[in-house]
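J.:
Numbering (this note's numbering), first residue to last: 1039 to 1219.
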């Protein structure tokens, strides 16, 4: 692994493309859960960073055993013990290394933390996470009481407006989704 560190930047300048998992084998290979659209292309972002602003790393894809999961080799990681040290580490890239999303497409990291309001302006909560369940994406919305959350389908019907500049999602939750709906 290279020991060069980039200049200190805000974590909002970084995007997590995946998380290293457990080692695979004894020669330093690692599992990598990917969050980017085309996991097999992750090496095209080299050099990457072990955490936001962390050490630079270069990865080589060995195999893709299932969608969203890769087995990779990290340059300079020669054995299972060295690979185990990366387990749980985020694999990040600078935001400016990503292409701009198409119209009506959003990077998940841009949605996280946005306020969620009903069409009438009533506060529903904050986007905590984005999940891809195969048939479509869902927003996990943490309600204002901060103890409960609900899953909101991320469709044009349920989420007619996403205001990136205003950091706000306007939602029309499907009937019956919320207790008071």
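Glycine residues also receive a C-beta, built at the ideal position from the N, C-alpha and C atoms. All figures in this text were calculated on a predicted structure; none of them were measured in a lab.
Assuming residue 1095 contacts residue 1113 (C-beta within less than 8 angstroms), just tell me the rounded distance between them.
T.: Indeed, because the Cβ distance is near 7 angstroms, the residues count as touching under 8 angstroms.
J.: Which of helix, strand or coil does DSSP assign to residue 1187?
T.: Residue state, collapsed to three classes: strand.
J.: With distances taken between CB atoms, is the gap from residue 1080 to residue 1099 smaller than 9 angstroms?
T.: Yes. Within cutoff.
J.: Using the Cβ count rule (16 or more neighbours within 10 Å means buried), how would you classify residue 1110?
T.: Residue 1110 comes out buried.
J.: Hey, would you say residue 1073 sits closer than 9 angstroms to residue 1146, going by beta carbons?
T.: Cβ distance < 9 angstroms, so residue 1073 and residue 1146 count as in contact.
J.: Write down every uninterrupted run of the beta strand (DSSP E) in the stretch 1143 to 1210 whose length is 3 residues or greater and which is fully enclosed by it, in chain order.
T.: You should have 1153 to 1156, 1161 to 1170, 1175 to 1180, 1187 to 1191, 1199 to 1201 and 1206 to 1209.
J.: Have a look at the DSSP bridge pairing and note the partners of residue 1129.
T.: DSSP, once it has assigned bridges, lists 1056 and 1088 as partnering residue 1129.
J.: Comparing alpha-carbon positions, which option in 1068, 1133, 1158 and 1194 lies nearest residue 1116?
T.: The candidate whose alpha carbon is nearest that of residue 1116 is 1068.
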